[in-house]
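**Student:** Residues are numbered in our numbering as their position in the sequence shown, beginning at 1, plus a constant of 11.
Heads up, the beta-carbon is just placed ideally off N, CA and C, and yes, glycines get one too.
Have a look at the structure that comes next, please.
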Amino acid sequence: MIDRDRLEAIVREAGRIALAGWPGDGHVLEHWEKVPGSPVCTLDLAVDEFLRRELSALLPSAGWLSEETADSHHRTAHELVWLVDPIDGTRDFIAGRPGWAISVALVNTRRPLLGYLYAPARAREAGGEFWHAEAGKGAWRNGSRLNASHREALSGARVPAKKLAVEDSDLVLVDQPNSIALRMAMVGADEADIVATLRWGYEWDIAAAGLIAREAGAEVTDAFGKPLNYNKHDPRAFGVLCTSQAIHGAAVERLADRAARFSVGSND
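Here it is in structure tokens:
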């Protein structure tokens, strides 16, 4: 039986560590690119080290998969695995914008069991935004139960993005945090109706948020509308599609040609 109070305290402390060096509060931060277009900073690594130590002590039997730790395929032998993005939305973090979050999920036999997001730079008067979900038991933000978007028409749907493709000009832009996890959680909070990506991404980006959105009543799949599985040998999937249940089929249909085109040759 996992100590959920201790788990929450660990995630909150990870957020405190990150916030203590956040440039949005005037701190100077060392950062670089792991590869072109993929930024990382010293606090990504510090939070990752803290979470690995504390979560491994909390549940020694669980494997580990994190954006900032070299992967070991030994994790696939574990039924329970931690999936962690120590700072999801590093671009916003480095730029001093609040659209970043600590993302922690516990996966059990390829399905998320627990999901936690903590965005300490948002809603600071409330101590930040703390999101969590448990499989089959619902999702919450700061103690309030979440109910996902119930939008029934794709046209006019709210999407957190900076701009829209011509094919999507009938959608409505809303504020976009850099964190994909926070964007997905917005669907779970009925602050957006659709989030879609059309690129190869990693399990640690979406495991916690996917559970939060799904437990709130949203539909969450890959870009082709297929179920997402976790702790795979290759921890990638092509895209994510998080929507209200009623518009999911229409969104899959709209994205089908683009998903087929963009997925070919980009899985490297």
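At the level of alpha carbons, what is the spacing between Ala-9 and Arg-152?
**Tutor:** Since the first residue shown for the chain is 12 and the last is 279, residue 9 is missing from the structure and cannot be characterised.
**Student:** Express the C-alpha separation of Val-39 and Trp-33 in angstroms, rounding to a whole number.
**Tutor:** The residue labelled residue 33 in the question sits at position 22 within the sequence shown. The residue labelled residue 39 in the question sits at position 28 within the sequence shown. Cα-Cα distance, rounded: 8 Å.
**Student:** Thinking C-beta only, is Leu-182 closer than 9 Å to Ala-168?
**Tutor:** Locating residue 168 in the sequence shown gives position 157, where the first residue counts as 1. Locating residue 182 in the sequence shown gives position 171, where the first residue counts as 1. Yes; because the gap between Cβ atoms is below 9 Å, this pair is in contact.
**Student:** Where does the unbroken beta strand (DSSP E) through Trp-43 begin, and where does it stop?
**Tutor:** Here residue 43 corresponds to residue number 32 of the sequence shown, with the count starting at 1. Its beta strand (DSSP E) spans residues 42 to 46.
**Student:** At which residues does the alpha helix (DSSP H) containing Val-55 begin and terminate?
**Tutor:** Residue 55 sits at position 44 when you count from the first residue of the sequence shown. The residue asked about is misnamed: residue 55 is Asp in this sequence, not Val. Here the alpha helix (DSSP H) through Asp-55 covers 53 to 69.
**Student:** Under the three-state reduction of DSSP, which class applies to Arg-156: helix, strand or coil?
**Tutor:** For this step, residue 156 is matched to residue 145 along the sequence shown. Of the three classes helix, strand and coil, the one that applies to Arg-156 here is strand, per DSSP.
**Student:** Nearest to Ala-112 by alpha carbon, out of Asn-119, Asp-103, Tyr-129 and Arg-122?
**Tutor:** What you label residue 112 is simply residue 101 of the sequence shown in a count that begins at 1. If we check each option's Cα against that of Ala-112, Tyr-129 comes out closest.
**Student:** Looking at the secondary structure, which residues open and close the beta strand (DSSP E) in which Arg-135 lies?
**Tutor:** Taking the sequence shown and counting its residues from 1, the one referred to as residue 135 is at position 124. Per DSSP, Arg-135 belongs to no beta strand (DSSP E) and is neither H nor E.
**Student:** Starting from Trp-111 and walking both ways along the beta strand (DSSP E), at which residues does that stretch end?
**Tutor:** Here residue 111 is taken as the residue at index 100 of the sequence shown, counted from 1. Per DSSP, Trp-111 belongs to no beta strand (DSSP E) and is neither H nor E.
**Student:** Is His-89 helix, strand or coil when you go by DSSP?
**Tutor:** The residue labelled residue 89 in the question sits at position 78 within the sequence shown. Coil at His-89, not helix or strand.
**Student:** Rounded C-beta distance between Tyr-296 and Val-118? I'm assuming under 8 Å.
**Tutor:** This structure gives no information on residue 296, because the portion of the chain shown stretches from 12 to 279.
**Student:** Which partner residues of Gly-149 appear in the DSSP bridge assignment?
**Tutor:** Residue mapping note: residue 149 aligns to position 138 of the sequence shown, counting from 1. Answer is Glu-145.
**Student:** In the DSSP assignment, the beta strand (DSSP E) including Ser-77 goes from what residue to what residue?
**Tutor:** To locate residue 77, count along the sequence shown from 1; it is residue 66. Per DSSP, Ser-77 belongs to the beta strand (DSSP E) from 74 to 77.
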